[in-house]
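**Q** The numbering of the sequence shown is the working numbering, which starts it at -18 and goes up by one. Where is the CB? At the ideal position from N, CA and C, for every residue including glycine. Treat the numbers as computed from the prediction; the structure is a model and nothing was measured. Structure in structure tokens, see below.
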Amino acid sequence: MKYLHQFITKKNMLFMAIFAILGFIVLQIPAAELMGSKVKFTVYDAFAPVAGSFIGSIPGVIAVFLMQLFNFLIHGAQIEDAGTIIRFFPMLFAVLYFSKKRKANLIVPLLAITAFIAHPIGRTVWYFSLFWLVPIAAHFFRDRFLLARALGATFTAHAVGGALWIWVFALPAPVWDSLIPIVIAERLLFALGISGSFILVNNLLGFWEKKRFLYPGFSIDQKYLAPALRGDTQHAATTSSTT
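Structure follows, in structure tokens:
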């Protein structure tokens, strides 16, 4: 419990509440349906990964999990298929990737590639898993380019989901082939969305701190603040969480 108290502070709980409201709204906007399941991607996929970058990895993961759980319960808590359960996990790894540069950011996609190729169908479409080299490459550029950080996060979610998906649904090879152009367009869209969400939330928090609506302490990146807000926030700029 003492360990959790280090991360679940009043500041973090406030952000979780704000995030929950915004997250619930965007969760209602469908963007694309997952192949092999009735579960849908939503605009939330472009919004959720930024949570941990402002309040820390652990609070961010908790906030995103609780938001998904709340949405699940609000909509009747019906498990349509295994995809409903699988859907909970990929985004948590995206939050971890986006929040901090860590070795796990390299390990997760490598494990996903291994799991995918270990499946009999996966071995016939092994090249599909090459998408999951993106988080590894992006890892080395994330501090310089926000888009690289966002691409790494969304492809990490895709890697975790894809590795689970092939073992649970065993979609045939032609389906995976047909998904390649969709994945490229979809993940680029999500990466742009994640980048935009980060800049938006970063500026909102900067504005609220400037107006003293919030106590200082959020990880606000001054590099992505509007000129009028730069230097006015009381918390030093950083894109990396300390947790």
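#1: What's the call for Met(-3), buried or exposed, on a 16-neighbour Cβ count within 10 Å?
#2: Going along the chain, which residues of its own chain have a beta-carbon closer than 8 angstroms to the beta-carbon of Ile180, five neighbours each way excluded?
#3: Tell me whether Lys192 is buried or exposed, calling it buried when 16 or more other Cβ atoms sit within 10 Å of its Cβ.
#4: To the nearest angstrom, how far is it from the Cα of Ser38 to the Cα of Thr135?
#5: State the start and end residues of the unbroken alpha helix (DSSP H) segment that holds Met64.
#6: For Phe109, which of Ala154, Pro40, Thr23 has the nearest alpha-carbon?
#7: Have a look at Arg211 and Gln203 and give me their C-alpha separation to the nearest angstrom.
#8: Classify Asp26 as buried or exposed, calling it buried when 16 or more other Cβ atoms lie within 10 Å of its own Cβ.
#9: Where does the unbroken alpha helix (DSSP H) through Trp157 begin, and where does it stop?
#10: For Ala226, which option in Gly177, Phe70, Trp146 has the closest C-alpha, if you only look at C-alpha atoms?
#11: Once you ignore the five residues that flank Trp226 on each side, which residues in its own chain have a CB closer than 6 angstroms to its CB?
#12: Excluding sequence positions up to five away, which residues of its chain have a Cβ less than 8 angstroms from the Cβ of Arg83?
#13: Which word fits Gln49, buried or exposed, when buried means at least 16 other C-beta atoms lie within 10 angstroms of its C-beta?
#14: For Gly33 and Arg104, I'd like the C-alpha separation in whole angstroms.
#15: By the 10 Å Cβ neighbour count, where 16 or more other Cβ atoms means buried, how is Lys19 classified, buried or exposed?
**A** Short version:
#1: The Cβ neighbour count for Met(-3), taken over all protein chains shown within 10 Å, is at least 16; the residue is labelled buried.
#2: Within the same chain, Ile180 has close Cβ partners Leu127, Tyr205.
#3: With fewer than 16 other Cβ atoms within 10 Å, it is exposed.
#4: The alpha-carbon atoms of Ser38 and Thr135 are separated by roughly 16 angstroms.
#5: The amino acid at residue 64 is misidentified as Met; the sequence shows Gly. 63 to 67 is the extent of the alpha helix (DSSP H) around Gly64.
#6: Checked all of Ala154, Pro40, Thr23; the closest Cα to Phe109 is Ala154.
#7: Roughly 6 angstroms between the two C-alpha positions.
#8: Classification for Asp26: buried.
#9: Under the DSSP assignment, Trp157 falls in the alpha helix (DSSP H) whose first and last residues are 154 to 191.
#10: Outside the shown range of the chain (-18 to 224) lies residue 226, about which nothing can therefore be said.
#11: Given that the chain is displayed from residue -18 to residue 224, the structure contains no residue 226 and the question cannot be resolved.
#12: Counting only residues of its own chain and dropping the five nearest sequence neighbours on each side, Arg83 has a CB closer than 8 angstroms to the CB of Leu77.
#13: Counting Cβ neighbours within 10 Å, Gln49 comes out buried, since at least 16 surround it.
#14: When rounded, the distance between both Cα atoms is 35 angstroms.
#15: A caution first: Lys19 carries a pLDDT of 49, below 50, which makes its placement in the model unreliable, though a value can still be read off. Counting every other CB atom within 10 Å of its CB across the protein chains shown gives Lys19 a total below 16, marking it as exposed.
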